[in-house]
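Visitor: Sharing a structure here in structure tokens format.
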Amino acid sequence: MSPDTTCRVPPLTAPFHSHTVQYVRERRCPSGGYCFYRLDEPNAGDTFYALQVLSLLGQEVRDEETAAFLQGLQERDGSFPSHAAAFFAGRALQLLGASPRHEITPFITRSIPRISPETRVIETLSLFEPLHAWLSLFFLYGVPLPDEWRDQITTAILGFQVKSGGFGSPNATLQDTWRAAESLAMLCSQDTNEGVLSFLRSCEDPEYGYIGRPGSRPAYLEDVHAGVRLSALLGTAPRYAGACREFIGRCAHQSGGFTRSVFGGAPTLEFTALAVEVLAILGGRAPLPIAPIGFIHGKVQPESKRENCS
């Protein structure tokens, strides 16, 4: 199956536009694909982030060598090194107007990723990252999710909702709550919005826009991104949208990329993509086309729910 490639939106404009485009272009590998540390070692994640930034900024992204690199990540049996790699490669190919060479359905229907604090990879930002990436593949490729799986996964996710209304283990975080809520939306569950909205409001901050969990400071770029994505999912505008924009501006690096914190650090393609997407959503755009969520200000128009939630 091929992903939908029909999404076309006007380019995002911002004062840092030219420097950001240059930052991304300089990280294109000679063999195709992208790598944030500028060696010829492309990977699916950096390639997607780079293409997402260029696309949002109205740049031409068609690139046969990069498409061939991404297609080469898939084995003949349809598998990828991980569901995350499959998701990044699939989304990047979508932006390039291309498709994987082999059928992906057998790979994503083999098993359900387990949600477990004990087996969580330390580098991940959320307990729900593996499940979220896996579910996103079903929406990206229009693969039906078996009803028994839908019920099983919904129950498992709801088991991590805590008294604050958010999700996490042992305490709720904005990252976990966004990915859990978006996963539930992909599963067609609408039972947790009131509690999730209450938790989201508790993470709003007049200085940073959003913080990772109530009482935690400072904020990081992924916290603001999660808050803005979750607000879009719930059809509500961020209370401190101006603070979100200001935070993004303070994370801008002289290279044209973006860092994780207002206190400096090394810019990466991932953080640059998060920053540009935040600005795009605050400007009224929907997040990634595959997500079953709509626009800010309550105009919720599920993208994939028509097919997957019928």
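According to this note's numbering, the sequence shown is numbered sequentially starting from -17. Using N, Cα and C, we set each Cβ at its ideal position, and we do this for glycine too. Computed from a predicted model, the values in this text were never measured in an experiment.
Output the boundary residues of the alpha helix (DSSP H) element that contains GLU164.
Guide: That run of the alpha helix (DSSP H) goes 156 to 168.
Visitor: Drop a sphere of 10 angstroms on the beta-carbon of TYR19, count the other beta-carbons inside from all chains shown, and report buried for 16 or more, exposed for fewer.
Guide: Result: exposed.
Visitor: Can you give me the Cβ contacts of LEU256 inside the same chain, cut-off strictly under 6 Å, excluding the 5 residues immediately before and after it?
Guide: Only LEU203, HIS207 meet the Cβ criterion.
Visitor: Would you kindly work out how many angstroms separate the C-alpha atoms of GLN143 and THR218, rounded to a whole number?
Guide: Rounded to whole angstroms, GLN143 to THR218 spans 21 Å at the Cα level.
Visitor: Given GLN4, which residues of its chain have a CB within under 6 Å of its CB, disregarding the five upstream and five downstream residues?
Guide: Contacts found: GLY238.
Visitor: Are the beta-carbon atoms belonging to LEU216 and TYR192 less than 9 Å from one another?
Guide: Contact flag unset, no.
Visitor: Give the range of the alpha helix (DSSP H) segment to which ARG232 is assigned.
Guide: Element bounds for ARG232: 223 to 232.
Visitor: What does the alpha-carbon distance come out to for the pair PRO99 and GLU111?
Guide: Between PRO99 and GLU111, the C-alpha separation is close to 12 Å.
Visitor: Leaving out the 5 sequence neighbours to the left and right, which residues in its chain are closer than 7 Å to GLY177 when beta-carbon positions are compared?
Guide: Hits under 7 Å: GLN143, GLY147.
Visitor: Among all the DSSP beta bridges, which residues are the ones paired with ALA41?
Guide: Position check: residue 41 holds Gln in this sequence, whereas Ala was assumed. GLN41 is not bridged to any residue.
Visitor: Residues in its own chain within less than 6 Å of ALA80 by CB, not counting five upstream and five downstream?
Guide: Closer than 6 Å at the Cβ level, and outside the excluded window around ALA80, lie ALA49.
Visitor: Give the straight-line distance between the Cα atoms of SER243 and ALA225, rounded to the nearest whole angstrom.
Guide: Approximately 14 Å between the Cα atoms of the pair.
Visitor: Measuring CB to CB, does LEU107 end up less than 9 Å from ILE97?
Guide: Against a cut-off of 9 Å, the Cβ pair of ILE97 and LEU107 comes out as no contact.
Visitor: CA-CA distance, GLY231 and SER180?
Guide: Roughly 27 Å between the two C-alpha positions.
Visitor: So for GLN76, helix, strand or coil by DSSP?
Guide: The answer is helix: DSSP assigns GLN76 an H, G or I state.
Visitor: What whole-angstrom Cβ distance do ILE94 and TRP131 have, given they're in contact under 8 Å?
Guide: Indeed they touch by this definition, with Cβ atoms about 6 Å apart.
Visitor: Between the alpha carbons of LEU251 and ARG73, how many angstroms are there, rounded?
Guide: Distance between the alpha carbons of LEU251 and ARG73 is about 15 Å.
Visitor: Jot down the residue ranges of each uninterrupted alpha helix (DSSP H) in the region 5 to 32, minimum 4 residues, whole runs only, in chain order.
Guide: For the region 5 to 32, not a single whole alpha helix (DSSP H) run of length 4 or above is found.
Visitor: So, at 8 Å on beta carbons, what are the nonlocal neighbours of THR136 in its own chain, with the 5 sequence-adjacent residues on each side left out?
Guide: The answer, listed in chain order, is LEU166, LEU169, SER171.
Visitor: Near VAL43, which residues of its chain fall below 8 Å by C-beta distance, leaving aside the five closest residues on each side in sequence?
Guide: Once the five neighbours on either side are set aside, the close Cβ partners of VAL43 are LEU33, LEU36, SER37, LEU77, LEU78.
Visitor: Run the CB neighbour count on PRO249, radius 10 Å, all protein chains shown included, and call it buried at 16 or more, exposed below.
Guide: Buried: at least 16 other Cβ atoms inside 10 Å.
Visitor: Would ARG151 pass as a contact of LEU182 if the rule is Cβ separation under 9 Å?
Guide: Reading the sequence as shown, one finds Ser at residue 151 and not Arg. Taking 9 Å as the Cβ cut-off, SER151 and LEU182 do not qualify as a contacting pair.
Visitor: State the start and end residues of the unbroken alpha helix (DSSP H) segment that holds GLY150.
Guide: Element bounds for GLY150: n/a, residue is neither H nor E.
Visitor: One question on the structure: do ALA115 and HIS65 come within less than 9 Å of each other, judged by their Cβ atoms?
Guide: Yes, they are a contact pair.
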